[in-house]
Amino acid sequence: MDSLQSSIALICAEYDTERGALLKQVEDLSMASITGEHEKLIEIEEMQAKIMDAENALREKVKHVAELEAALHAKEEMEKRVTQQQQPADEATQRTQAPSTFPVATQTAAARVPDECPTCHDEPFGFMVRCQQCKQQFHAGCVRSKRQKTSRAGVYVFVCDACAPSASGPATTTSA
C-alpha cells in the first residue's frame with residue numbers, strides 16, 4: 001500500500017505540475033488575448049476617429065460646394081435680371097436713336113463698327129456704306145436708292161436722312 005500511496009502521490013504531483021503549467025499557459029494566453037483585444041480596441045477607436053474626421057471634412061466640402069453653387073446660381077440670376085432690365089432700355093434707346101434723331105456729327109467723329117444697321121436694325125454683314133457726316137454705317141441694300149453719284153467716276157455720296165440737310169463731300173464705304 002505504501003507503494004500504491006507513493007504512486008498516487010507521484011501521479012498527483014505530476015498532475016499538479018502539469019495543471020500548474022497549463023494554468024500558466026492559460027493565464028499567458030488570456031493576458032495576450034486581453035492585450036491584443038485592448039490593442040485592437042485602440043486601433044478600432046483610432047480608425048473610427050479617422051472615419052469621423054473624413055466624414056466631417058466631406059460634410060464641410062459638400063457644404064462649401066453647395067455655397068459655391070448657390071453663389072453661382074445667384075450670380076447667374078442677377079446677370080439674367082440685369083440682361084432683362086437692359087433689353088427694354090436698349091430697345092428704348094434704339095428707338096430714340098433712329099437716324100432722324102441723330103445730331104449732326106463733326107468731321108472728327110470716330111468711325112466705329114456698328115452693332116446694327118440703323119435703318120433695318122439688323123446686324124452688320126456684307127457691304128456697308130458710311131454716312132459722310134455722322135459716320136453711321138448702313139447696309140448698302142438699305143440705302144441703295146439714297147446714294148448719289150458724284151462727278152468723279154465710281155464715287156458715290158451717301159448722307160443719311162438725319163444728316164441730309166447738311167450734305168456735302170463724298171461718302172466712304174467699307175465691308176464688314
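In the UniProt record's numbering, the protein residues as written are 1 to 176. A virtual CB, placed ideally from N, CA and C, is assigned to each residue, including glycine. None of the values given here were measured: they were computed from a predicted structure.
What is the rounded straight-line gap between the Cα of residue i and the Cα of residue j?
i	j	result
Gln133	Gly141	19 Å
Glu69	Gln86	25 Å
Cys163	Thr119	14 Å
Glu45	Leu29	24 Å
Leu4	Ile11	10 Å
Ser7	Leu22	22 Å
Lys63	Ala57	10 Å
Glu37	Glu55	26 Å
Ile51	Ile42	14 Å
Gln136	Asp115	10 Å
Ala49	Ala32	25 Å
Glu79	Ala66	20 Å
Asp16	Ala9	10 Å
Lys61	His121	49 Å
Arg59	Asp53	10 Å
Lys40	Arg19	30 Å
His73	Gln84	16 Å
Glu14	Thr35	31 Å
State the CB to CB distance for the pair residue i and residue j, rounded to an integer number of angstroms; the pair is presumed to be in contact (CB under 8 Å).
i	j	result
Cys117	Pro124	7 Å
Phe138	Cys160	7 Å
Val143	Val129	6 Å
Give me the DSSP bridge partner(s) of residue i.
i	result
Arg19	DSSP output for Arg19 lists no bridge partner at all.
Val143	Paired residues: none, contrary to the question.
Gln137	Arg130
Alpha helix (DSSP H) segments (min. 4 residues) lying fully within the region 25-78: none
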